[in-house]
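Residue numbers (this note's numbering): 21 to 224.
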């Protein structure tokens with residue numbers, strides 16, 4: 021695992037990786053609390069004319085409505101633990117001079133139950149996120165491989181790395197314009213992995 025902060029800069033890509041941002045004990049406690057206390061559900065998506073279950077379960081909290089994957093996520097109160105994480109992330113963004121338009125006012129949580137749960141190639145580019153979205157992702161649980169690929173040119177090498185328990189990822193700048201990202205399936209036997217994605221959501 022990386023031992024220090026890593027800033028990834030490529031054409032159109034700005035990514036900050038902070039390994040072990042949250043301590044092991046803090047990560048353990050937060051994962052157990054969120055898994056047991058929040059209302060998790062499995063959504064459905066349309067794919068090639070068919071409705072199928074999403075390969076993960078999700079929940080959220082936030083201050084204003086947010087339309088994600090053709091679903092309207094209505095406001096939900098922040099658990100104290102998540103509100104504390106959000107506030108700490110505001111300090112981290114300020115330290116790195118990464119600016120959001122509305123603050124981190126929404127958190128979408130994904131739980132990948134095994135290696136067969138995944139997230140396909142996509143961009144977080146909903147209109148509510150603004151021209152240059154800032155997405156802050158905290159990983160809890162088993163390490164999983166995270167991939168990024170450029171939409172500018174196939175000559176630009178993809179970026180691949182593992183995100184583990186307590187690791188933090190910040191995507192900002194034009195990343196959501198020019199790059200896609202994914203959490204691909206793995207045939208390895210792996211345990212559950214939770215991903216907390218904090219976003220700055222405006223009103224369209």
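Just so you know, even glycine gets a beta-carbon here, dropped at the ideal spot from N, CA and C.
Reduced DSSP category for residue i - H, G, I as helix; E, B as strand; rest coil
i           : result
residue 65  : strand
residue 130 : strand
residue 89  : coil
residue 140 : strand
residue 59  : coil
residue 206 : coil
residue 106 : helix
residue 34  : strand
residue 43  : coil
residue 22  : In this predicted model, residue 22 has a pLDDT of only 42, less than 50, meaning its place in the structure is not dependable; the value taken from the coordinates is given anyway. In this structure, residue 22 counts as coil in the three-state DSSP scheme.
Reference residue i, options the options, closest by Cα
i           : options            : result
residue 117 : 222, 179, 36, 214  : 36
residue 192 : 207, 154, 25       : 154
residue 169 : 199, 195, 175, 152 : 199
residue 55  : 222, 212, 103      : 212
residue 28  : 190, 224, 46, 64   : 190
residue 149 : 119, 46, 174, 176  : 119
Closer than 6 Å: residue i CB and nearest the ligand MN heavy atom
i           : result
residue 218 : Absence of the ligand MN from the depicted structure is noted, as is the absence of any ligand whatsoever, leaving it without description.
Integer-rounded CB distance, given that residue j should sit under 8 Å from residue i
i           : j           : result
residue 185 : residue 160 : 6 Å
residue 140 : residue 207 : The Cβ separation is near 17 Å, so there is no contact.
residue 182 : residue 165 : 6 Å
residue 86  : residue 126 : 5 Å
residue 88  : residue 214 : About 17 Å; that fails the 8 Å criterion.
residue 209 : residue 31  : Actually they are not in contact, since the Cβ atoms of residue 209 and residue 31 sit about 37 Å apart, beyond 8 Å.
Own chain residues within Cβ distance below 6 Å of residue i, not counting five before or after
i           : result
residue 188 : 38, 41, 158
residue 129 : 79, 216
residue 75  : 137, 138
residue 163 : 182, 184
Residue i versus residue j: straight-line alpha-carbon distance, rounded
i           : j           : result
residue 197 : residue 99  : 31 Å
residue 50  : residue 156 : 17 Å
residue 143 : residue 109 : 21 Å
residue 179 : residue 195 : 12 Å
residue 69  : residue 218 : 31 Å
residue 145 : residue 33  : 14 Å
residue 73  : residue 61  : 10 Å
residue 26  : residue 112 : 14 Å
Same chain, Cβ closer than 8 Å to residue i, neighbours up to 5 away in sequence not counted
i          : result
residue 97 : 81
7 Å Cβ shell around residue i - same chain, five flanking residues per side excluded
i           : result
residue 84  : 95, 125, 221, 223
residue 101 : 50, 53
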